[in-house]
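Asker: Have a look at this one.
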Amino acid sequence: MTTADLSPERSPERATPDEQAFIDMQASPQFQELRSRLRRFVFPMTAFFLAWYALYVLLAIYASDFMATKVVGNINLGLILGLGQFVTTFVITGLYVRFANRELDPRSSAIREELEGPQQ
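Here this note's numbering is used: the first residue of the sequence shown is 1065, the next is one more, and so on.
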């Protein structure tokens, strides 16, 4: 059941952890693994996209003749690479959603259940 399935009068009751419980959970191996998995995805993807964007900008500045190369009709490499920035953004977003659904969400749900207890 998701929170979208719940009406306000049927919200699940969970225990409210104290401050020490949050501190203990942050130091737990499960939480450290969750953070590690997130970082192993986010940092390489960010580095890849920033490098790809920097390459595009540098080509636009220093290789304008190359970027002006016609591909089909009035469509040139600069336009294709610029649109590729949007495509790359959507692809990375899709990859992250799939990664989060498979890797992060099950682990974070288990951590939440351990911290707050099962829904009643």
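Glycine is no exception: its CB is placed at the ideal position from the N, C-alpha and C atoms.
Could you pull out every unbroken alpha helix (DSSP H) segment of at least 4 residues lying fully inside the stretch 1092 to 1139, listed in chain order?
Answerer: Counting only runs of 4 or more, we get 1093 to 1126, 1128 to 1131.
Asker: Report the option in VAL1136, ALA1118, LEU1141 whose CA atom is closest to the CA atom of ASP1129.
Answerer: Numbered from 1 along the sequence shown, position 65 holds the residue referred to as residue 1129. The residue with the shortest Cα to Cα distance from ASP1129 is LEU1141.
Asker: Just to confirm before moving on: does the CB-CB distance between LEU1179 and PHE1086 stay below 9 Å?
Answerer: Translated into positions along the sequence shown, residue 1179 becomes position 115. Translated into positions along the sequence shown, residue 1086 becomes position 22. Against a cut-off of 9 Å, the Cβ pair of PHE1086 and LEU1179 comes out as a contact.
Asker: So for MET1065, helix, strand or coil by DSSP?
Answerer: Counting from one through the sequence shown, the residue named residue 1065 turns up at place 1. For MET1065, the predicted structure reports a pLDDT of 49, less than 50, and the residue's modelled location is therefore unreliable. A value from the coordinates is still provided. Coil.
Asker: Quick test of the definition: if touching needs 3 or more C-beta pairs under 8 Å, does the stretch 1141 to 1150 touch the stretch 1117 to 1131?
Answerer: Flag = yes, the stretch 1141 to 1150 and the stretch 1117 to 1131 touch.
Asker: Report the residue ranges of all beta strand (DSSP E) runs contained in full by the stretch 1145 to 1183; include only those spanning at least 3 residues, in chain order.
Answerer: For the stretch 1145 to 1183, not a single whole beta strand (DSSP E) run of length 3 or above is found.
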